[in-house]
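Residue numbers (the numbering used here), protein chains in the order written: chain A, 1 to 182; chain B, 1 to 402.
C-beta atoms are modelled at their ideal positions from N, C-alpha and C, and glycine is treated no differently.
Before any comments, here is the structure.
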Amino acid sequence: MSHAATTPERYGLLAEFDSPQTLLDAAHAVQRAGYTKTDAFSPMPIHGLAEALGFEEHLIPKIVLGAGILGLIAGYGLEYWTQVIAFPENIGGRPYHAWVAFIPPAYETTILFAALSCFFSLILLCGLPKPYHPVFNHPRFSTASADKFFLVIEATDPKFSMDATKTFLDGLGAKETVAVDE
Amino acid sequence: MSGYLDDATLQTRPIAVITRMNTRAITLGALGAAITAWGFFIERDTFFQSYLIGYMYWMYITLGALGLLMVQHLSGGAWGIVSRRVFEAAVRTLPVMAVLFLPIAFNLTHLYVWARPEALTDAAIQTKAAYLNPGFFYARAIGYFAIWMGLGFTLSGWGAKQDAAAPVIPGPEDRKFRMVSGPGLVLFMITITFMSVDWMMSLDPHWTSTIFGVLFVGGAGLSALAFTIVVLSSLADTAPMDGLMTRDRFHDLGKLMYAFVLLWAYFSVSQLIIVWSGNLPEEIPFYLRRFSGPWGWVSVAVLIGHFVVPFAFLLSSTIKRNRKLAARVALFILAMRAVEIAWMIAPAVRHGEHSGPNLYDFAAVLGVGLVWLPVFFRNLSGRAVVPVHDPYLKEALANDGH
Numbered sequence: 001m002s003h004a005a006t007t008p009e010r011y012g013l014l015a016e017f018d019s020p021q022t023l024l025d026a027a028h029a030v031q032r033a034g035y036t037k038t039d040a041f042s043p044m045p046i047h048g049l050a051e052a053l054g055f056e057e058h059l060i061p062k063i064v065l066g067a068g069i070l071g072l073i074a075g076y077g078l079e080y081w082t083q084v085i086a087f088p089e090n091i092g093g094r095p096y097h098a099w100v101a102f103i104p105p106a107y108e109t110t111i112l113f114a115a116l117s118c119f120f121s122l123i124l125l126c127g128l129p130k131p132y133h134p135v136f137n138h139p140r141f142s143t144a145s146a147d148k149f150f151l152v153i154e155a156t157d158p159k160f161s162m163d164a165t166k167t168f169l170d171g172l173g174a175k176e177t178v179a180v181d182e
Numbered sequence: 001m002s003g004y005l006d007d008a009t010l011q012t013r014p015i016a017v018i019t020r021m022n023t024r025a026i027t028l029g030a031l032g033a034a035i036t037a038w039g040f041f042i043e044r045d046t047f048f049q050s051y052l053i054g055y056m057y058w059m060y061i062t063l064g065a066l067g068l069l070m071v072q073h074l075s076g077g078a079w080g081i082v083s084r085r086v087f088e089a090a091v092r093t094l095p096v097m098a099v100l101f102l103p104i105a106f107n108l109t110h111l112y113v114w115a116r117p118e119a120l121t122d123a124a125i126q127t128k129a130a131y132l133n134p135g136f137f138y139a140r141a142i143g144y145f146a147i148w149m150g151l152g153f154t155l156s157g158w159g160a161k162q163d164a165a166a167p168v169i170p171g172p173e174d175r176k177f178r179m180v181s182g183p184g185l186v187l188f189m190i191t192i193t194f195m196s197v198d199w200m201m202s203l204d205p206h207w208t209s210t211i212f213g214v215l216f217v218g219g220a221g222l223s224a225l226a227f228t229i230v231v232l233s234s235l236a237d238t239a240p241m242d243g244l245m246t247r248d249r250f251h252d253l254g255k256l257m258y259a260f261v262l263l264w265a266y267f268s269v270s271q272l273i274i275v276w277s278g279n280l281p282e283e284i285p286f287y288l289r290r291f292s293g294p295w296g297w298v299s300v301a302v303l304i305g306h307f308v309v310p311f312a313f314l315l316s317s318t319i320k321r322n323r324k325l326a327a328r329v330a331l332f333i334l335a336m337r338a339v340e341i342a343w344m345i346a347p348a349v350r351h352g353e354h355s356g357p358n359l360y361d362f363a364a365v366l367g368v369g370l371v372w373l374p375v376f377f378r379n380l381s382g383r384a385v386v387p388v389h390d391p392y393l394k395e396a397l398a399n400d401g402h
């Protein structure tokens, strides 16, 4: 193999915890210690974990609001165009621009656009689909989908140091701390 | 985190803050009562129309509080624990509301067409006479108050008893609270549907809407939650609420208020769409009267002020979590509730030249508040402002990230 000689880059340290509470406490401690390039993995949502890691997401609400407004305009516009401009039809003597009857479909397109944009922007901003991730190199990482909790500090973090960070993570009650490569 | 959960702090009564709110309420209320009293001598019919608006305004809050009190006993949750004493204090104004109903009961002919002699010659009203007659109207009103007070004082009384005992999990009263609240909510929905038909819909006995009862419930929940947010926001500076009314709690209540804004809008628009689509001569006068003439601009104001503005502001979690901003939105909603209730009631009974909205309508809201609010504040200061020995108090409030 011609490229066998290249050594893989270090991705970071992966600490394994037994309970959601120890992971949450560790996340708070990691943020207090000044680490910024961190991530956590858990089988279920943990209330407050995102905040503990200093994770902030302001983009999705804006996307959803924009898509909702777009859906409202698109839905109402479609109704107006079909009923008033393209195919005006006298239905029971109602005015062509029957705004009362236009409300339900316009409302539905608002919800539809907002919900779909929320779903897809979340998936895409999470970086999914992602067939490969360095944490998969951890031999026991699949337990993060069952009953174990993981915390990562990436090697690119300015405060990262192989030995000191490992000692630090071990001191937080980690069952095991493993270095993983890219 | 545990400092504010000790018993002595929880038992603290923020009397000074409540007294300050009460003084403000009395000042505003006296002004309203003076104008309303003036109306009594100048225009007798307008006075009773306005009085009904003012009376229903506070009835919406009282009944909304009764419904939410039962809901939170069934659902649990921190939002219910911090709001419970406000709901209970509002529910215990019911005897006063029963007394305030007497001016309406003794002056039916000023308000209700079906109670006047000319109803005898109206064939449409005559077909409903078996239901719409003063005797049966009084009997039903007595029944409503008996049921509401029975539910409200039972739950509120057990709440007081719970304070006196030590908290144990599972609470010995848990089951009792739920056994009353579950069937109580069913009774609540039925009585409110009939009450809204009797007191409000029958103002125009030719018009009917089957969604009217739940529309009332949506408005009542909104009134009660907005009122609760304003009260809790004022209490949040002093013990014990300074430790309990965190941003998360205001977020919870704000979200619930937001849901009620949407619920009210949903019911209102449903009624409009059905009436508009049916286009039946006996149904459309409701909107013809409100969409043209002096009530036309009020309809626009209700659409914008009662739905668009609260909807836009409450979208933001920053506003829901900030108690000062949340209280401002809630106060705005409370003001718009008065407009919406006047919009519901007045066009049905006010005809002729001066059929539009009237200064007395809003003065009467303040005027009835002069009676209701002091009773509410006395009820609120009569007990600890949180259910101190609710067995789930600590559990519900401990896991708070802020």
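Please report how far the alpha carbon of residue i lies from the alpha carbon of residue j, in whole angstroms.
i	j	result
G150 (chain B)	Y55 (chain B)	21 Å
C118 (chain A)	F291 (chain B)	37 Å
N322 (chain B)	S234 (chain B)	13 Å
L314 (chain B)	G66 (chain A)	16 Å
D174 (chain B)	G152 (chain B)	16 Å
L122 (chain A)	L116 (chain A)	10 Å
L68 (chain B)	L215 (chain B)	16 Å
E154 (chain A)	F141 (chain A)	16 Å
V302 (chain B)	W148 (chain B)	29 Å
H97 (chain A)	Y80 (chain A)	7 Å
Y51 (chain B)	R350 (chain B)	13 Å
D6 (chain B)	Q21 (chain A)	25 Å
I211 (chain B)	W199 (chain B)	15 Å
K176 (chain B)	G184 (chain B)	12 Å
P105 (chain A)	M44 (chain A)	36 Å
For residue i, which three-state DSSP category applies?
i	result
L13 (chain A)	strand
A130 (chain B)	coil
L128 (chain A)	coil
D6 (chain B)	coil
D170 (chain A)	helix
D204 (chain B)	coil
I319 (chain B)	helix
G305 (chain B)	helix
F101 (chain B)	helix
T175 (chain A)	According to the sequence provided, residue 175 (chain A) is Lys. The question's Thr does not apply to it. Coil, per DSSP.
M44 (chain A)	coil
I91 (chain A)	coil
H138 (chain A)	coil
T210 (chain B)	coil
T12 (chain B)	coil
M241 (chain B)	helix
F41 (chain B)	helix
T7 (chain A)	coil
E173 (chain B)	coil
Sorted by chain position, which residues of the same chain lie with C-beta nearer than 6 Å to residue i's C-beta, five sequence neighbours on each side aside?
i	result
G305 (chain B)	M336
W114 (chain B)	I125, L132 and P205
W79 (chain B)	D252 and L253
Y60 (chain B)	G219, A220 and S223
T12 (chain B)	A239 and P240
S181 (chain B)	M70, H73 and L74
Let me check one thing: in DSSP terms, what residues is residue i bridge-paired to?
i	result
V180 (chain A)	A:G12
I333 (chain B)	Answer is none; I333 (chain B) lacks a bridge partner.
T38 (chain A)	A:I153
If you drop the 5 nearest sequence neighbours on each side, which residues of the same chain put their C-beta closer than 7 Å to that of residue i?
i	result
V298 (chain B)	V339, W343 and P357
T238 (chain B)	P14 and V17
S156 (chain B)	E88, V91 and R92
V275 (chain B)	E283, I284, F286 and Y287
A30 (chain B)	L370
F260 (chain B)	G218, G221, L222 and L225
Could you check whether residue j and residue i sit closer than 8 Å to each other, using their CB atoms as the reference points?
i	j	result
I319 (chain B)	L325 (chain B)	yes
L244 (chain B)	V371 (chain B)	no
A179 (chain A)	L78 (chain A)	no
D39 (chain A)	V152 (chain A)	yes
I53 (chain B)	V365 (chain B)	yes
T36 (chain A)	D157 (chain A)	yes
Looking only at its chain, what residues have a beta carbon closer than 8 Å to the beta carbon of residue i, apart from the 5 residues adjacent to it on each side?
i	result
N137 (chain A)	Y11, V180 and D181
Y266 (chain B)	G218
Q60 (chain A)	Note that residue 60 (chain A) is Ile in the sequence shown, not Gln. Excluding residues within five positions, the ones whose Cβ falls inside 8 Å are C118, S121, L122 and L125.
L53 (chain A)	A27, V30, Q31, T38, D39 and A40
T9 (chain B)	G3, A239, P240 and G243
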